[in-house]
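Undergrad: Everything in the sequence shown is counted per the numbering used here, starting at 127 for the first residue and increasing by one.
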Amino acid sequence: MNGDLSPEDVAALREETPLGRTGTPREAGEAIAYLLEAEFLTGQVLGLNGGMVV
């Protein structure tokens with residue numbers, strides 16, 4: 127998703143994120159797997175943003 131960003135833009139994004147890094151495909155996959163397995167979880171939006179939006 128960040129392939130079109132310049133290295134400077136990617137560095138700025140990392141600095142702005144509370145976790146100090148961008149997420150990995152594995153982390154996104156783990157979140158998706160959780161949503162698929164959580165039977166009592168309905169109608170939710172899970173923000174994978176490293177804490178940028180609370």
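For glycine and all other residues, C-beta sits at the position ideal for the given N, C-alpha and C.
Measuring only the C-alpha atoms, how far is E141 from R152?
TA: When rounded, the distance between both Cα atoms is 21 Å.
Undergrad: For G177, verify whether its CB is less than 7 Å away from any heavy atom of the ligand MN.
TA: Inclusion of the ligand MN in the displayed structure is not the case, the ligand content being empty and no account of it being possible.
Undergrad: Does the beta-carbon distance from G177 to P144 come in below 8 Å?
TA: In this structure, P144 lies closer than 8 Å to G177 by Cβ.
Undergrad: Report the three-state DSSP secondary structure of V136 (helix, strand or coil).
TA: It is helical.
Undergrad: Considering A164, what are the terminal residues of the alpha helix (DSSP H) in which it resides?
TA: Element bounds for A164: n/a, residue is neither H nor E.
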